[in-house]
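Per the numbering used here, the sequence shown starts with residue -1, numbered consecutively. We put the CB at the ideal spot given by N, CA and C, even for glycine. The structure displayed is predicted, hence computed values, not measured ones. Encoded as structure tokens, the structure appears first; notes follow it.
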Amino acid sequence: MEQRDLASEAGVDRRTIARLEAETDPSSNPLRVWTYERVREVLKKRGIIFLYPNKSHGEGVTLKN
């Protein structure tokens, strides 16, 4: 997925997506947290599953079957 497509579906500017990709700590900015949630929802609708760390694996993503 291209940045411009993700940005369009999430309702943000493409430059915002580029900044999010480069950022390491979104929690420091409430607006960034909101933007991350929008992007996460778009990706979930596209079949991305977000994995949270537990005893068997680390943080990551996978595709729905």
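When DSSP labels each residue in this structure, what does residue i get in the three-state scheme?
i: Val59; result: strand
Express the C-alpha separation of residue j and residue i in angstroms, rounding to a whole number.
i: Ser26; j: Gly9; result: 21 Å
i: Arg17; j: Tyr34; result: 11 Å
i: Arg2; j: Leu61; result: 21 Å
i: Met(-1); j: Thr14; result: 15 Å
i: Leu64; j: Glu7; result: In the structure displayed, the chain extends from -1 to 63; residue 64 sits before or after that span and is not available.
i: Glu19; j: Asn63; result: 25 Å
Please go through the same chain and pick out, in chain order, the residues whose beta-carbon is closer than 7 Å to the beta-carbon of residue i, but skip the five residues on each side of it.
i: Val59; result: Ile46, Ile47, Phe48, Leu49
In chain order, what residues of the same chain have a beta carbon less than 6 Å from the beta carbon of residue i, not counting five sequence neighbours either side?
i: Arg12; result: Gln1, Arg2, Ala5
Considering only DSSP beta bridges, list what residue i is partnered with.
i: Ile15; result: Note: Ile15 sits in no beta bridge, so no partner.
i: Leu4; result: DSSP, once it has assigned bridges, lists no residue as partnering Leu4.
Is the segment 25 to 33 in contact with the segment 45 to 56, if contact means three or more CB pairs nearer than 8 Å? no
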